[in-house]
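Enquirer:
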DNA sequence: TCGATGGCTTGTA
DNA sequence: CTACAAGCCATCG
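In the working numbering, the protein residues as written are 1 to 194.
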């Protein structure tokens, strides 16, 4: 009897701290790609928990510290270009997969095209995808595994009010401000939307 | 499988 | 300005 070593997908979590904020990323040991990144937290365990909750089979390592470090300027509002190839954007039904449907992938890819300092709306994204599923665009973005890299904070309501955000509307506003977007009260002031 | 639930939008009052 | 209702459609339990 030959026993093959099973290829278990362990997610490697690496952390980085800057200005008292903790960022975590999870990388698949099989694909080497990012399966999830956390929003910044004041508490390291909370940042890590965002990943470990979804990927219980994980290990903590400093292996990808340089990579998680590259994410942090995005939170500062810098226009950092990050290659989407480092993300696991492949559609797979397995629950090891961050993206299970083509619709979600399409929403994320379309969102990634919104450039620094610009905003799109749930409606404008839906229309680019050729559907009227505005709400579904919202639900897809709510589950965005790659916040900051896939800039879901740049997607607002079609009346240009800020809309919701996993990290809270205040953080969404703050991120947009740092990117140079003018915000008055609860509304984005911008001429042309994506 | 099917009804309930959304990071929504539009219309009406 | 606020408050609903109805429409929308992918996802979840």
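Glycine residues also receive a C-beta, built at the ideal position from the N, C-alpha and C atoms.
Short of 8 Å in beta carbon distance, which residues of its chain neighbour residue 190, apart from the five on each side in sequence? Order them along the chain.
Expert: Stepping through the first chain from its first residue, residue 190 is reached at position 190. Only 118, 119, 160, 181, 182 meet the Cβ criterion.
Enquirer: Rank 179, 178, 143, 184 by C-alpha distance to the C-alpha of residue 164 and give the top, closest one.
Expert: For the purposes of this step, residue 164 is identified with residue 164 of the first chain, where counting begins at 1. Nearest of 179, 178, 143, 184 to residue 164, Cα basis: 143.
Enquirer: For residue 179 and residue 186, what's the separation of their Cα atoms in angstroms?
Expert: Residue 179 sits at position 179 when you count from the first residue of the first chain. Residue 186 sits at position 186 when you count from the first residue of the first chain. If you take the alpha carbons of residue 179 and residue 186, they lie about 16 Å apart.
Enquirer: Assign residue 200 to one of three DSSP states: helix, strand, or coil.
Expert: This structure leaves residue 200 out entirely; the chain is present only between 1 and 194.
Enquirer: Kindly indicate which three-state DSSP category residue 42 falls into: helix, strand or coil?
Expert: Position 42 of the first chain, counted from the first residue, corresponds to residue 42. Residue 42: coil per DSSP, three-state reduction.
Enquirer: According to DSSP, which residues form a beta bridge with residue 87?
Expert: In the first chain, residue 87 corresponds to position 87, counting from 1. 34, per the DSSP bridge assignment.
Enquirer: For the segment 91 to 154, list the beta strand (DSSP E) runs that are entirely contained and at least 3 residues long, ordered along the chain.
Expert: Those beta strand (DSSP E) runs which fall completely within the segment 91 to 154 and span 3+ residues do not exist here.
Enquirer: Where residue 184 and residue 169 are concerned, what is the direct C-alpha to C-alpha distance, given to the nearest angstrom?
Expert: As a working mapping, residue 184 is identified with position 184 in the first chain. As a working mapping, residue 169 is identified with position 169 in the first chain. Whole-angstrom Cα-Cα distance: 14 Å.
Enquirer: Reducing DSSP to helix, strand and coil, say where residue 64 ends up.
Expert: One-based indexing of the first chain puts residue 64 at position 64. Residue 64: coil per DSSP, three-state reduction.
Enquirer: Could you give the first and the last residue of the continuous alpha helix (DSSP H) run that contains residue 173?
Expert: Position 173 of the first chain, counting from 1, holds the residue named residue 173. Element bounds for residue 173: 169 to 178.
Enquirer: Below 8 Å on the Cβ atoms is my contact criterion, and I expect residue 92 with residue 85 to pass it. Report the Cβ-Cβ distance as a whole number of Å.
Expert: Start at 1 with the first residue of the first chain, and residue 92 comes out as number 92. Start at 1 with the first residue of the first chain, and residue 85 comes out as number 85. Wrong, their Cβ atoms sit about 17 Å apart, outside the cutoff.
Enquirer: Distance check for residue 192 and residue 36, CA to CA, integer angstroms please.
Expert: As a working mapping, residue 36 is identified with position 36 in the first chain. As a working mapping, residue 192 is identified with position 192 in the first chain. Cα to Cα, the separation comes out at about 31 Å.
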